[in-house]
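This report refers to the structure that appears directly beneath it.
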Ligand SMILES: CCCCCCCCCCCCC/C=C/[C@@H](O)[C@H](CO)NC(=O)CCCCCCCCCCCCCCC
Ligand SMILES: Nc1ncnc2c1ncn2[C@@H]1O[C@H](COP(=O)(O)OP(=O)(O)OP(=O)(O)O)[C@@H](O)[C@H]1O
Ligand SMILES: [Ca+2]
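Residue numbers (UniProt numbering): 1 to 556.
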């Protein structure tokens, strides 16, 4: 099929200029017609191009719509081109932000106007990746408690314009969305699930959808080696949380309108999910940060300060930094193959990332090695590596974890969909050294370039805190978290013996066990996103700027 073949070509009026408008299967383009240029004595024609896949909608222009925008040209339009249609499309602005822009064309006859609308809509209907029906969960209490307003004012109008129908559920309690997805929701009705909230809300959707998928396929997710079935519905994130790191790392910004537009155009970004087990029982899934020590303690403390909103992380951050605790334990990991790069190679994961497109073979589809190889590896020699030490932090970043606090993230070269996680070990060091390491998350310096930091790209890992047996005997009547709330050991004091252990934070949730086994499930889910775009595509600046809507008002 010739993508360049013209489907329609007409001379139409756009504002007060006569323009040649062309539609083919891939683009809608217009430029000032020759006679218009001669009349206005202008030089080269400015041409404008919109990818058909980035057209949001086309509609007959209502008089009221048009009146305000083209008051100057109304007289001429009324006389010669009284019929008009408006195309809404994606326009890139700054720093990965998208906006919905409108351009209106006036036609000399109703027939021609209707033909343009019909043929453009026919092309849009061929874009089968676009969702028509969505299930939306709004957390009214996430972030700065603006989820409902953000959805109603910024997102719903764009969905309506794109002809998307949405069933909206405002959650009434924590885990409402997860439980609804797990057992109640009629998922056949929908083309995707959207959450309005932060990383915690996303985690609810992930758990609901992934568990439901395993149940529907008879897979027992308690088995650490079970081959999990990928979820068929894509997930959209409208950011309205405190960190929004999953949105930021998959879209490049945490802007609700941008996310809504990625949903409308039907983008698809596969994503790795870590499954976390304690012995033979499933604990949780993680897509961003699994952190023990510094981040575990920080999150444990910040949960008690939820009322402070996003500022809780800074306060608990300073407090945890000053406590300067370290924890002893054993980490074992199964390194990823060399062709998947290394956390220090500076090959960042971007839209269409080559590393993530490398399809794992059926043997290592879910981060598995061949049975033979893994058995010998577990034995000790090849494959698994074991490190015993005293750690200030043990972090596993399955994606960069870029967010406004740390624009390059915890592991800047981690990949969204390569089937691996970057395991970062920060050993006991001085407070000043740890501060230097933290500071490097906010600037261009390499945070791994310290003698006390090492980083490994892995498919699986395990952690065993020191004296676990002793602790569990001692603490049979006491939940592990309680103990973990009050770490005893501080790196400046000499700790000859310590039974203290931290907790794992798993995408912001605290896990009830310190001894865990983690396995990366390659591309278990897909998001309505496309990864971070390398370069902003060239945008044409209109002499008469198109309307950007919804009106840019700050709700953040
Ligand atoms: C000197 C400045 C150092 C700044 C260092 C910034 C590093 C930031 C790294 C952020 C990584 C976020 C990963 C995302 C994880 C999400 O799944 C999870 C759920 O939303 N959020 C958090 O865990 C929330 C994590 C929030 C982390 C906040 C860290 C704040 C650290 C402050 C340290 C202060 C030292 C001050 C010394 C005087
Ligand atoms: N109606 C509700 N009432 C109370 N808690 C809720 C409700 N709906 C969802 N939650 C819970 O609120 C928690 C936090 O929500 P969310 O992730 O949206 O915001 P956040 O924590 O401010 O942001 P982030 O996770 O990005 O740091 C989630 O773990 C979710 O389970
Ligand atoms: Ca990954």
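Yeah, the Cβ is synthetic: ideal placement off N, Cα and C, and Gly gets one too.
Residue 513 versus residue 506: straight-line alpha-carbon distance, rounded: Here residue 513 refers to the residue found at position 513 of the chain shown. Here residue 506 refers to the residue found at position 506 of the chain shown. The alpha-carbon atoms of residue 513 and residue 506 are separated by roughly 11 Å.
For residue 511, three-class secondary structure by DSSP: The sequence position of residue 511 within the chain shown is 511, counting from 1. Three-state DSSP puts residue 511 in coil, outside helix and strand.
Residue 126, buried or exposed, once every other Cβ within 10 Å from all chains shown has been counted against 16: Along the chain shown, read from residue 1 onward, the residue named residue 126 stands at position 126. Its Cβ having fewer than 16 others within 10 Å, residue 126 is exposed.
Residue environment, residue 128, which counts as buried when at least 16 other CB atoms sit within 10 Å: The residue you call residue 128 lines up with position 128 of the chain shown. Flag for residue 128 reads exposed.
Integer-rounded CB distance, given that residue 190 should sit under 8 Å from residue 233: Here residue 233 refers to the residue found at position 233 of the chain shown. Here residue 190 refers to the residue found at position 190 of the chain shown. That pair is a contact at about 6 Å.
Residue list, Cβ distance to ligand 3 heavy atoms smaller than 7 Å: Every residue whose beta carbon comes nearer than 7 Å to a heavy atom of ligand 3 appears here in chain order: 272, 398, 399, 414, 415, 416, 417, 418, 419, 420, 421, 520.
Local conformation of residue 283 per DSSP, three classes: Taking the first residue of the chain shown as position 1, residue 283 is located at position 283. The three-state reading of DSSP puts residue 283 in strand, counting E and B together.
Segment contact flag, the region 269–276 with the region 159–174, C-beta cutoff 8 Å, min 3 pairs: No, because fewer than three Cβ pairs between the region 269–276 and the region 159–174 fall closer than 8 Å, the two stretches do not touch.
Simplified DSSP assignment, three categories, for residue 201: On the chain shown, position 201 is the one that residue 201 refers to. Residue state, collapsed to three classes: helix.
Close beta carbons around residue 123, own chain, < 6 Å, minus the five adjacent residues each side: Locating residue 123 in the chain shown gives position 123, counting from the first residue. A distance below 6 Å between beta-carbons, with the five flanking residues on each side excluded, links residue 123 to the following residues of its chain, in chain order: 52.
Identified DSSP bridge partners for residue 20: Working through the chain shown from its first residue, we reach residue 20 at position 20. Looking at the DSSP assignment, residue 20 forms a beta bridge with 11, 31.
Beta-ladder partner(s) of residue 455, from DSSP: On the chain shown, position 455 is the one that residue 455 refers to. Per DSSP, the beta bridge partners of residue 455 are 424.
Where residue 277 falls: helix, strand or coil (DSSP): The sequence position of residue 277 within the chain shown is 277, counting from 1. If DSSP states are grouped into helix, strand and coil, residue 277 belongs with the strands.
Three or more C-beta pairs below 8 Å linking the region 245–261 and the region 515–531: Contact between the region 245–261 and the region 515–531 is present, because at least three Cβ pairs lie under 8 Å.
Buried versus exposed call for residue 142 [16 or more other C-beta atoms within 10 Å across all chains shown]: Translated into the one-based positions of the chain shown, residue 142 becomes position 142. Under this definition residue 142 is a buried residue.
Sequence-distant residues of its chain with Cβ nearer than 6 Å to residue 388 (five each side left out): By 1-based counting over the chain shown, the position of residue 388 is 388. For residue 388, where only same-chain residues beyond five positions count, the Cβ hits under 6 Å are 330.
Cβ-heavy atom distance, residue 142 to ligand 1, below 6 Å: Within the chain shown, residue 142 is the residue found at index 142, counting from 1. Distances between the C-beta of residue 142 and the heavy atoms of ligand 1 are all 6 Å or more.
Straight-line Cα distance separating residue 117 from residue 56: Indexing the chain shown from 1 puts residue 56 at position 56. Indexing the chain shown from 1 puts residue 117 at position 117. Near 13 Å, if we compare the C-alpha coordinates of residue 117 and residue 56.
Sub-7 Å separation of residue 243 and residue 429 beta-carbons: Indexing the chain shown from 1 puts residue 243 at position 243. Indexing the chain shown from 1 puts residue 429 at position 429. Not a contact, by the Cβ cut-off of 7 Å.
Residue from 186, 178, 212 with nearest C-alpha to residue 133: As a working mapping, residue 133 is identified with position 133 in the chain shown. Taking only the C-alpha atoms, the option nearest residue 133 is 186.
Assigned exposure category for residue 58 - 16 Cβ within 10 Å defines buried: For the purposes of this step, residue 58 is taken as residue 58 along the chain shown, with counting starting at 1. For residue 58, the number of other beta carbons within 10 angstroms of its own is at least 16, and it is reported as buried.
Contiguous alpha helix (DSSP H) assignments of at least 4 residues, all confined to the region 279–359: Along the region 279–359, the alpha helix (DSSP H) occurs as fully enclosed runs of 4 or more residues at 294–303, 311–323, 354–357, listed in sequence order.
Spatial neighbours of residue 147 in its chain, beta-carbon cut-off 7 Å, leaving aside the 5 residues before and after: Here the question's residue 147 lines up with position 147 in the chain shown. Around residue 147: 138, 139, 140, 196, 197, 240.
Contacts around residue 577, its chain only, beta-carbon distance under 7 Å, and the 5 residues preceding and following it disregarded: One cannot answer for residue 577 here, as it falls past the ends of the chain, which runs 1 to 556.
Check: residue 173 C-beta below 6 Å from any heavy atom of ligand 2: Translated into positions along the chain shown, residue 173 becomes position 173. True, at least one ligand heavy atom lies under 6 Å from that Cβ.
Inter-residue Cα distance where the pair is residue 158 and residue 7: Locating residue 158 in the chain shown gives position 158, counting from the first residue. Locating residue 7 in the chain shown gives position 7, counting from the first residue. Rounded to whole angstroms, residue 158 to residue 7 spans 27 Å at the Cα level.
Delimiting residues of the beta strand (DSSP E) encompassing residue 115: Taking the first residue of the chain shown as 1, we reach residue 115 at position 115. That residue, residue 115, is in no beta strand (DSSP E); its alpha helix (DSSP H) goes 110–125.
Cβ contact (3+ pairs, closer than 8 Å) linking the region 322–329 and the region 444–462: No, they do not touch.
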